[in-house]
Amino acid sequence: MTPEQLSSAIVDVLATLTDEGSVVLADGVPSSASVERPRQKGHGDYATNVALQLAKKAGTNPRALAELVAERLTGVEGIADVEVAGPGFLNISVDAGAQGVVAAQIVAAGDAYGSSDAFAGEKVNLEFVSANPTGPIHIGGVRWAAVGDALGRIFAATGAEVTREYYFNDHGGQIDRFSGSLLAAAQGRPTPEEGYGGQYIHDIAAAVVAQRPDLLSLDDAAAQETFRAVGVDMMFAEIKKSLHDFGVDFDVYFHEDDLHRSGAVTRAVERLTELGNTYEQDGALWLATERFGDDKDRVVIKSDGTGAYLSGDLAYYLDKRERGFDRCLIMLGADHHGYVGRMNAMCAAFGDRPGVNLEILIGQMVNLLRDGQPMRMSKRAGTVVTIDDLVGAIGVDASRYALARYSSDSNIDLDLDLWAKATSDNPVFYVQYAHARVASILRNGADLALVADPESFDPALLVHDKEGELLRALVEFPRVVAAAAELREPHRVARYLEDTAGSYHRFYDLCQVLPQGDQEPSDLHRARLMLVAATRTVLANGLALLGVSAPERM
RNA sequence: GCCCCCGUAGCUCAGCUGGACAGAGCAGCGGCCUUCUAAUCCGCCGGUCGCAGGUUCGAAUCCUGCCGGGGGCACCA
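Our numbering applies: residue 356 is where the first sequence begins, and numbers increase by one.
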C-alpha cells in the first residue's frame, strides 16, 4: 500500500459518503488527498488532514467529518487501523503485508523505480555553467555544474526530453582582453589593465606559441588574432575536459558568435520591431522591456552599430524556441540576478510567457573554508578556486554531493577539510556506506544461494518497526523525485537519501538479514533480503540522479 | 535609494509548498562490537524558528514593516 493508493482510497470513501448523502461537499470530491508520514511516533504510519481541509466546505466540524471517514476507511483492505486525533487528523496504520509487497515491486522496477511521467512529452532545455572561455571554471560555475546536471537527470526521470546546453560567450570584449593577456604573457609583459592573470594564462600562451612558433614574428595585431583563434579553442577544450571529468557533458555547445554571423540576431531584433517593442533613441536601438516589468528599457543595438550583450540572448532564446523547447531554463549565479527582469521582459516581448517558456534560476554564492577560514579569491591574482582544484581536494563524488545537497537559494560555506574526510561527518559517505553495506549483504546472501526471489517472498513477515520505517521511506522515493523536478530542487533527493540511509542503518542494526552459522534460511531471511534489495535499488537510483557513484565496497 | 537571496540548537543545515508537543548531522557527555562492513547504532544535553504586527480553527511556513548578513543595480560581457 503506497501513499498514492491510500490517497485514492480516501477519495473513494469521500465519494461514497457524498453519494449516500451523509456528506455534502460544496466543490465536489477532491481528486486526491494529502497523505504524509507523521513526524511523531504514535501517529500511525500515515496521516491525512482531509477532514480539516474539507470541514468548512462540508459545513461540519473537522472531527465529525473525520469520524465518518475513519469508519469507512477502517474496512478497506490493507488498512489495519484508523484513528481520529487532535483537531481532526486521521492517523492510519497499514497492514504489514500490504506495506511489504512494495519491496518486490521496487526490485522488479529496478532502474526505473522512482521515474514517473510527470513531465512526459515536455521538451526541456537546461542552460547552465556557460562560463566565459577566458579561464578555468571557478567555484560558482561548479555549483551549477553539479546542480544543473542533477536537475537534468531528475527531469529525465520524470519523463521530460532534456537537452543540456552551454552558451559559449565567444563574441564580446572579454575575448579581446583574454587574447591581449595571452599576448602580453608571451612577450613577458605584465598583465594588461582589465586583463586576466594567473598561471593558466602563461600556460596557454606557451602552448599557443609551441603550436605556432612563427607567432612572435608577427605584428601585435596579427599575433593577438592568432592567440584569440588558438587560445580560445584551447581554453574551451580544457573547460570541456574538466566538466567531463566531473561527469557533466553537454548536448549542445552553443557559440554566441554564430548568432551574430548567421543573422539570427538581426532576425530576432526584426521580430521584436514588428511586434512594436523596439524604438530608436540616442543613435541606439532600444527594447521596451519596462512595459513588461523590467526596471527600465535596455539597449539592443549600440550606437556604434554592434549588438549589446542582450542582443545575443534575444536571438539565443528565439533559437531555442524555434528548436521546439517548451521550457527554457537558465541557471545563473546571484551576481547575475539583475538579468532576470530584462530576460523575463524579453520573453514577454516575444509574446511568450515568462516563468513558463523561460525560467531563470538563481543560485547563491559558494564560499570555501579551509582550516575554518574563508579562502580569499581574486581573479586578477589568479587565486580563484577552480573546478579542478575542488575535485583535487575532495574528489568528484563529494564535490557533486556537497554542491547539490543545499538549496540553491542559500549561499553556502563548504568546509573542504570536512568534505575530504572519510568519516561520518561527511554526508556523502553516510549514504555511500549504506549502499556498500547493502551490497555486502547481497553478496554474502548470494554465497549462501540466497537471492531476493518474488516467488518465495512473504511480505506479511516484515512486521518489525524498523522494517516498516524503511519500507515507508523507500515508497516515498517517486514522490521525492517528482517534487525535486517540480520545484527544481535537487537537494531534496540528497536529503531524502540521507534519511533513507539512516532508516537502513537502523534496520540493519536490529534486524539480522542472513542466517547465522548453521541456521537454516527461513522465510523471514528471504523477506528481509527482498527489503535489502529494494533498498539497493533506491539508494543506487537516487545517487545516480545526483551523478554520485554507488560503491559496492568501501 | 531600489531589486534578489538568506536569518531555525554552540556549528552546518532540513522542514514534505499552513497542520498535531520544532527535526537531522556535527560538536559535548554517556552507552552497545566473539554475530551480515562499528565509516553503523542507542541515550542525554541543547531552540523566545532575527524582531514587531497581521491573515487563519491552526504560521518556522502566507502578508506588511523594521533589524542583521550576502549579492546586484552599464550603449561591459
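All residues carry an ideal CB built from backbone N, CA and C; glycine is no exception.
Between which two residues does the alpha helix (DSSP H) carrying residue i extend?
i, result
"C702", "694-704"
"D744", "742-749"
"K595", "575-600"
"E822", "820-842"
"E625", "619-629"
"M885", "878-901"
"K412", "405-413"
"I767", "Per DSSP, I767 belongs to no alpha helix (DSSP H); it is in the beta strand (DSSP E), 767-770."
Alpha carbon to alpha carbon, how far is residue i from residue j?
i, j, result
"F680", "I715", "15 Å"
"F812", "I685", "47 Å"
"A435", "Q874", "33 Å"
"P845", "A505", "6 Å"
"E516", "V830", "25 Å"
"H615", "D525", "11 Å"
"A856", "D864", "12 Å"
"G527", "D382", "57 Å"
"E422", "F601", "55 Å"
"I656", "S666", "7 Å"
"R843", "T892", "23 Å"
"D575", "Y634", "40 Å"
"R861", "E853", "12 Å"
"A837", "T513", "6 Å"
"Y672", "C702", "8 Å"
"A670", "I594", "24 Å"
"R583", "A562", "13 Å"
"I796", "R392", "28 Å"
"I509", "A689", "23 Å"
"T349", "R653", "Absent from the model: residue 349. The displayed extent of the chain is 356 to 909, so no value can be given."
"A777", "R908", "14 Å"
"V424", "P814", "27 Å"
"L805", "G872", "14 Å"
Out of the options, point me to the one whose CA is closest to residue i's CA.
i, options, result
"V587", "F533, V607, N632", "F533"
"L886", "A451, A578, E438, Q579", "A451"
"L869", "A838, D802, E853", "D802"
"Q579", "L537, E548, G543", "L537"
"V497", "A889, R678, V721", "V721"
"R394", "R827, R881, V903", "R827"
"G543", "Q529, F862, V564", "V564"
"P358", "V378, T371, G399", "G399"
"K478", "A388, A511, D752, H599", "A511"
"V439", "N404, G469, S471", "N404"
"P709", "D649, V654, G552, A576", "D649"
"V835", "S597, E629, L894", "L894"
"K396", "L361, P568, G553, D820", "D820"
"V502", "M698, Q871, D558, A840", "A840"
"S386", "V437, L372, S363", "S363"
"T581", "M590, L570, M589", "L570"
"S485", "M356, A560, L687", "L687"
Can residue i and residue j be called in contact, C-beta distance under 7 Å?
i, j, result
"G433", "A453", "yes"
"S858", "L825", "yes"
"L898", "A807", "no"
"L407", "G443", "yes"
"V607", "E520", "yes"
"F609", "Y522", "yes"
"I492", "I742", "yes"
"Q460", "T489", "no"
"V786", "D752", "no"
"A643", "N632", "yes"
"Y551", "N896", "no"
"V462", "A888", "yes"
"A370", "V379", "no"
"L771", "A757", "no"
With 16 other CB atoms within 10 Å as the buried threshold, where does residue i fall?
i, result
"S765", "exposed"
"H790", "buried"
"A619", "buried"
"S572", "exposed"
"S330", "No information on residue 330 is available, as it lies outside the stretch 356 to 909 that the chain covers here."
"P729", "exposed"
"A905", "buried"
Could you pull the start and end residues of the beta strand (DSSP E) that residue i belongs to?
i, result
"S666", "Per DSSP, S666 belongs to no beta strand (DSSP E); it is in the alpha helix (DSSP H), 664-677."
"G718", "713-718"
"G399", "G399 -> no beta strand (DSSP E), and no H or E assigned at all."
"T518", "516-523"
"F474", "F474 -> no beta strand (DSSP E), and no H or E assigned at all."
Check whether the Cβ of residue i sits closer than 6 Å to any heavy atom of the ligand PLP, and report yes or no.
i, result
"F832", "Here there are no bound small molecules, and the ligand PLP is not part of this structure."
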